[in-house]
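Quick notes on the structure that follows.
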Amino acid sequence: MKKIISFLLLILLSTPVWGRRSPFPDKIDYVNVIGKDCSAYFNAAAPDFFLRQAADNLNYPLFRWTSDKQTDARYPGYANSPELSFFGVKVVEMIVRFEDDRLHQLYIVFYSRGDAKTPLRMTEFNKLRSTLEKKLTEYTGDNGKQVAGNLTKNDRLFNRVYVKRDFVFELKSSIRTEKNTKSGEFIQLEISRFDPENDPRRQRVAQSHTTVRRVELEKNLKRADNGDVWLDNVPMVDQGLKGYCVPAVLERILRYYGNENVTQHTLAQVAGSRADKGTSVESMVEVVRQIGGKFGVKVSPVYLRGNGVRDLEKVVRDYNKTAKRMKKRQISIVTQKKGNTTYYMVAETLAKMQPEVELEFWTSRKMEYNEFQNTIRKNIDKGIPVIWSVQLGKFKEEKIPSQTAGGHMRLIIGYNKKNNTVIYTDTWGSGHEKKSMSAAQAWTITTAYFSVLPW
């Protein structure tokens, strides 16, 4: 019976479906799709069948392209995607990756702190990991080899590697220890073609350097007749519904530099991200400084708006002068008291500013405004994206609901001198690969910017 199910699902997912509207089942165990021999699935799968699936409007589409490059397809693709499992274990997220029109990797998340409504207790976390280890041993006929390493002094990574003929299965997980308390962070499975020269059983799990040189990055630079200058090959990472814009941005940067072994889940763990509250810019900078040596990257000088009490006070004082001249409402600094300590709330203070006043005020600071534009152009011309922290909701933006507001991080990937615009990308998947806005508005909503550079 399993052979029949496997065959039917493989046919459904890998052959044209023109002229019919066959729905998927409500529940799918994807191990039945790939079958006992991965090679049949990997060799049959090509990007076009994922495209056909969406084009033919199947009742329960599993995947959705993460970008117009059609190199990565992500589950859950839609709200009505069927329940997906693997080895009978529910799947939170699954990404199918292609290289040169060939299936390259299956990336399957069974648990992540960011996606979990209720975090697993360590006993449950270990039980889930043990269940998957047993299933993988049964499936591959290999007991697996455990490779472990420290990402930071608090973060321990584990990779149990199984090899089955021409394919390698890597069960990756992570545990954080803080104040003598352990917490399970994520459990994920990566299935890819086995390359004996890059055997993960012989590699350090917590160290993976970038593979590109800076001079090679300029090859990604594209120019259009309308004046657009942009970086064309920045991978898309879809953060999903989590507040993971910061770790997702950092994963995109590392993958752009050739590092395929770090995910947003790993980076979120180190940065202390919470799915509902995200990560601060300061935390991200500190993370890169902590682990930069392991991944072969470093941080450029960082611009932080309202950095320090004096700077924030001056910003508010000068803003109020502009507001008074424009006969608009003035603001005061937002503070929060905890015990005997008063905290100055930068983001909350900036959020109180009125867009029309802000636009006038920030663009009048010519030296900073020009430095913002010059930094973008210099970095882009060298093939280096600029990490850009912003306050959403100030101005209408492409493909973003008008009610969307609050702190967010994205990447600047280009510019246009002719019409003085900034080209950027968001970590929200397909449709958000390449967008633009005026440089004046971009500078107005900026709260921070910097770059992560390869050594």
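Everything in the sequence shown is counted per the numbering used here, starting at 3 for the first residue and increasing by one.
Every residue, glycine too, gets a C-beta built ideally from N, C-alpha and C.
- Between the Cα of ARG307 and those of VAL289, TRP364, ARG291, spot the shortest distance and give me the residue it belongs to. TRP364
At the level of alpha carbons, what is the spacing between THR351 and SER69? 35 Å
Which residues in the same chain have their Cβ closer than 8 Å to the Cβ of VAL299, if we skip the five residues on either side of it in sequence? THR212, ILE255, LEU256, TYR259, VAL290, VAL454, LEU455, PRO456, TRP457
- Identity of the residue in VAL239, PHE169, GLY395, THR324 nearest VAL264 by Cα: Considering only VAL239, PHE169, GLY395, THR324, the residue with the shortest C-alpha distance to VAL264 is VAL239.
Identify every run of the alpha helix (DSSP H) within the region 111-178, keeping only runs that are complete inside it and at least 4 residues long; order them along the chain. 124-142
**Request:** Compute the Euclidean distance between the alpha carbons of GLN336 and TYR426, then round it to the nearest angstrom.
**Result:** A small fix is needed here, since residue 336 is Val in this sequence, not Gln. Going by the C-alpha atoms only, they are around 30 Å apart.
In whole angstroms, what is the alpha-carbon distance linking GLU95 and ASN342? Going from the Cα of GLU95 to the Cα of ASN342 covers about 44 Å.
Rounded Cβ spacing between LEU316 and ILE333 (contact assumed at less than 8 Å): Reading off the sequence, residue 316 comes out as Lys, not Leu. Actually they are not in contact, since the Cβ atoms of LYS316 and ILE333 sit about 14 Å apart, beyond 8 Å.
Cut-off 7 Å between Cβ atoms - residues of its own chain near VAL236, not counting five sequence neighbours on either side
Same-chain partners within the cutoff: ARG254, TYR258, PRO387, LEU413, ILE415, THR427.
Handout entry: Short Cβ contact (9 Å threshold) for VAL510 with HIS267
Key = A question about residue 510 goes unanswered here, because the residues of the chain that appear run from 3 up to 457.
task: Report the three-state DSSP secondary structure of PHE374 (helix, strand or coil).
output: helix
What residue ranges within the region 226-278 form continuous beta strand (DSSP E) runs of no fewer than 3 residues, ordered along the chain? The region 226-278 contains these whole beta strand (DSSP E) runs: 230-233.
Start and end residues, alpha helix (DSSP H) containing VAL392
Element bounds for VAL392: not the alpha helix (DSSP H) but the beta strand (DSSP E), 388-394.
With respect to the beta strand (DSSP E) encompassing THR337, which residues constitute its N-terminal and C-terminal limits? 337-340
Does DSSP put TYR43 in a helix, in a strand, or in coil?
helix
Handout entry: Selection from GLY37, LYS396, ILE189, LYS326 that minimises the alpha carbon distance to SER114
Key = ILE189
Within the region 77-102, note down every full beta strand (DSSP E) run reaching 3 residues or more, in order along the chain. 85-88, 95-101
Contact set for TYR164: own chain, Cβ-Cβ below 6 Å, skip 5 residues either direction: LEU138, THR142, ASP144, GLY146, PHE171
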